[in-house]
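Notes follow once the structure below has been shown.
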Amino acid sequence: MDTGKFSRGGRYGRNALGQKNNRDRRTKEQKDERYKEIMTMKFRIQFLINMSIAGIALLVMGGCTGENEPADGGGTATGNGNGTPVALTIRATASGFQNPQQDGQQPDAPQTRATENGNVTEFGADDAIGIFAIKSKNIVDEVSNVKLTYSKAANGTGSWASPNGIALYYYEGVSYIAYYPYKEGITIDASQTTEQIITSLTANDKLQPVADQDDASKYTACDLMTAAGSPAEGGTSARKVLILNFTHRFTQLILRPKVRVLCKAPADGGFTYRSGATGGVLDDNANSVTLNGVTACRMSDGSVRAIVKPASSATTLKGSYKTLIGTDTKTIGYESASIGSFDAGCCYTVAVVAPFTDTSRGEVERVLAPGDFVFHGTSGIEVYPGDGTLTSGKIPDYASAVGIVVTCDPARLTDDECNGQNWNHAYVMGLEYTSTGGLTWGPDKAEPAIPLTPYDSNAKNNMNGYAETRKMLEAHKSDLSSYGAFYSIDNYRNLHPVPDGINRSPWFIGSCGQWFDVMVNLCGRSPETFRDNTTVSWIDNSYGTYGIGMWETINRQLSKAGKTLPFTSDNLTGVLLLCSSQADDSNNWDARWRLSGAYVSLGINGNKAYYKTAMVRPFFAF
-3 MDTGKFSRGG
7 RYGRNALGQK
17 NNRDRRTKEQ
27 KDERYKEIMT
37 MKFRIQFLIN
47 MSIAGIALLV
57 MGGCTGENEP
67 ADGGGTATGN
77 GNGTPVALTI
87 RATASGFQNP
97 QQDGQQPDAP
107 QTRATENGNV
117 TEFGADDAIG
127 IFAIKSKNIV
137 DEVSNVKLTY
147 SKAANGTGSW
157 ASPNGIALYY
167 YEGVSYIAYY
177 PYKEGITIDA
187 SQTTEQIITS
197 LTANDKLQPV
207 ADQDDASKYT
217 ACDLMTAAGS
227 PAEGGTSARK
237 VLILNFTHRF
247 TQLILRPKVR
257 VLCKAPADGG
267 FTYRSGATGG
277 VLDDNANSVT
287 LNGVTACRMS
297 DGSVRAIVKP
307 ASSATTLKGS
317 YKTLIGTDTK
327 TIGYESASIG
337 SFDAGCCYTV
347 AVVAPFTDTS
357 RGEVERVLAP
367 GDFVFHGTSG
377 IEVYPGDGTL
387 TSGKIPDYAS
397 AVGIVVTCDP
407 ARLTDDECNG
417 QNWNHAYVMG
427 LEYTSTGGLT
437 WGPDKAEPAI
447 PLTPYDSNAK
457 NNMNGYAETR
467 KMLEAHKSDL
477 SSYGAFYSID
487 NYRNLHPVPD
497 GINRSPWFIG
507 SCGQWFDVMV
517 NLCGRSPETF
527 RDNTTVSWID
537 NSYGTYGIGM
547 WETINRQLSK
557 AGKTLPFTSD
567 NLTGVLLLCS
577 SQADDSNNWD
587 ARWRLSGAYV
597 SLGINGNKAY
607 YKTAMVRPFF
617 AF
């Protein structure tokens, strides 16, 4: 190591006042003996003193706004060509836990640090990270597990302070590795690769999740995150930027304990509950929760969470908790369906509804949820909770149900034409197909009536099934028979018109984004977590692991209304469901499950003009 540039006895072993006091106590002989050495170190000492007056700022993207800059220009061991030191500004992102599987609703935001705000991780006051600086397989200037502690100013900006005001500066060619939460005594082997070092941190005994996580401090202490990076060459001549993207190294488990109550709808919900409807609401009496062997942490949103090690083999979420039903204490045991694995950086959710109705609470307001069943009532839209009481596995009056809620998240209800008609509470999937199948989307040509939706991350946000359907029906009144899917939905509308007094849209073909939500909210897995995604489709070829599980999940819910999403039988044995959205001049979007070839997909899978077994599942909005 270049000790002239990266002195181990420099920044982290000295302070100017202490040095002066020590020199005053030396004897004259000692001063004389040290005089030559002091003179030779004069400029170096002055440089280090200049560095000690700077600070370090860390912007946590996604949780904070603005940037907390050091007060002065700072410095660098290499300088910027004119002798002025170069300050190092650190910016960090903290990714949230991903949701490969969920119970139909995103967890609400817990109000704790290592706060998963939705599932966006934010840092809080007194959180601390450890940071290492490495060059040429050596630790640089004693930057080894240096503790940086977070604080938040009154204006909302966040900053990180190092010990005794010690500053970090830009060094050419230096890489950094950081981790959360800080622990004393953490060391690394700087001769290893970055991947190896992060692996060693993940395996470090001091950083493992523990069995007791019953409060926020214990829970967050188990949430290991790591980041690595090198300063960018951009910025100003007086400043370099180090971006640290923190990711979770372990797995998050979430239990949403619910209790069954008599339901009442929100005043602005656009619906009423069926008479006598019972459904699950978060159980604020749940206590003594165990989650896969962990005494879990209760969050302010009513969920209970634990951090565990990843698992590569099939597993489940299981445990028990106690609750109060009226005046009786009940113990509830639970276990989820089998999950293929617990992946690092992912969260897995199980919702448990206690098998009791707590009538002591009276009617409790319950918000609409994916999986709820929709009816045409005598005075408008009526709903029976998807987790409500069943009789012989069916909801009351199940044969009269007309649909199942796909999404009711206001952020996803973005079809302007629906919103303009006050159909802005939910998108609902019908409980049968429009025809026996064999449908084409349309001729092999571009359709100017609706915009193209190319396959990319934004495709999931196309929620315009109603608008796309209306425009296609309007544009092709004279040749609708050439557009099999739209001809089919038009016939279905005529056979199943909107009843008088019901404020809802006519039937329409679901868009690619609406089918994305079917997979997320009703099938239990986001297409973005599929393992074999291509340049044209979200796809997973391991049908037995993902596809069949998703198929079984949606059919378990549909069976409560005596319905399924059935396979059709031909040489492909599966089902292909057309979307309203077109991808390009020749191709449309579709969702499909198939036994032959063993995959599930959502994407651009075929030509508009040709399908062997294509179906349409109708949707409506209310």
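The letter at position 534 of the sequence shown is residue 530 when you use my numbering, and the numbering goes up by one with no holes.
Glycine included, C-beta positions come from ideal geometry on N, C-alpha and C.
| Check | Outcome |
| --- | --- |
| Bridge partner(s) assigned by DSSP for Gln248 | Ile303 and Cys343 |
| Beta carbon of Tyr429 nearer than 9 Å to that of Thr403 | no |
| Cutoff 7 Å; reference Ser284; Cβ partners in own chain excluding five residues on either side | Tyr317 and Lys318 |
| Straight-line Cα distance separating Ser147 from Ser196 | 28 Å |
| Close Cβ partners of Gln510 (< 7 Å) along its chain, the five nearest in sequence each way excluded | Val402, Tyr423, Met459, Gly461 and Phe615 |
| Enclosing beta strand (DSSP E) for Phe369 [first to last residue] | Phe369 to Gly373 |
| Lys441 beta carbon less than 9 Å from that of Gly581 | Gly is not the amino acid found at residue 581; the sequence shown has Asp there. The answer is yes: Cβ separation under 9 Å. |
| Leu203 versus Ala228, Lys305 and Ser296, residue with shortest Cα-Cα distance | Lys305 |
| Buried or exposed (CB count within 10 angstroms, at least 16 for buried), Val209 | The sequence given here has Gln at residue 209, not Val. Gln209 comes out buried. |
| Sequence ranges, beta strand (DSSP E) only - wholly within the stretch 420 to 497, length at least 3 | 423 to 426 |
| Cβ shell of Ala186 (< 7 Å), same chain only, five flanking positions each side left out | Ile130, Lys133, Asn134 and Ile135 |
| Ser597 burial status per 10 Å Cβ neighbour count (16 or more: buried) | buried |
| Three-state secondary structure assigned by DSSP to Glu63 | Annotation note: pLDDT 29 at Glu63 (below 50); position unreliable, coordinate value reported separately. Glu63 falls in the coil class under three-state DSSP. |
| Lys202 in three-state terms, based on DSSP | helix |
| Endpoints, the alpha helix (DSSP H) within which Met546 is located | Ile544 to Leu554 |
| Local conformation of Asp536 per DSSP, three classes | strand |
| Span of the beta strand (DSSP E), counted from its first residue to its last, around Gly276 | Thr274 to Leu278 |
| The stretch 117 to 127 touching the stretch 260 to 275, judged by at least three CB pairs closer than 8 Å | no |
| Buried versus exposed, by CB contacts within 10 Å (16 or more), Asp536 | buried |
| Stretch pair the stretch 601 to 613 + the stretch 356 to 371: three plus CB contacts closer than 8 Å | no |
| Continuous alpha helix (DSSP H) stretch holding Gln510: start and end | Cys508 to Asp513 |
| Length of the line joining the Cα atoms of Ala124 and Thr311 | 33 Å |
| Gln209 - DSSP class collapsed to helix/strand/coil | coil |
| Continuous beta strand (DSSP E) stretch holding Asn584: start and end | Asn583 to Arg590 |
| Contact between the stretch 219 to 227 and the stretch 238 to 245 (3+ Cβ pairs under 8 Å) | yes |
| Nearest-angstrom beta carbon gap, Thr436 and Tyr607 [assumed within contact, 8 Å] | 6 Å |
| Assigned exposure category for Thr432 - 16 Cβ within 10 Å defines buried | exposed |
| Coil, strand or helix - Arg521 by DSSP | coil |
| Nearest-angstrom Cβ-Cβ length linking Arg621 and Ala350, presumed shorter than 8 Å | Because the chain is modelled from -3 through 618, residue 621 falls outside the range shown and cannot be assessed. |
| Check whether Glu524 and Ser453 have beta carbons under 9 Å apart | yes |
| Rounded distance between the beta-carbons of Pro262 and Glu361, thought under 8 Å | 6 Å |
| Through-space distance from Ser158 to Ala150, alpha-carbon basis | 20 Å |
| Sub-9 Å separation of Asp211 and Cys293 beta-carbons | yes |
| Beta-carbon proximity of Lys332 to Cys414, cut-off 9 Å | Correcting the residue identity first, residue 332 is Ser in this sequence and not Lys. Not a contact, by the Cβ cut-off of 9 Å. |
| Residue burial classification, Asn601 (beta-carbon count within 10 angstroms, cutoff 16) | buried |
| Span of the alpha helix (DSSP H), counted from its first residue to its last, around Glu413 | Asp412 to Asn415 |
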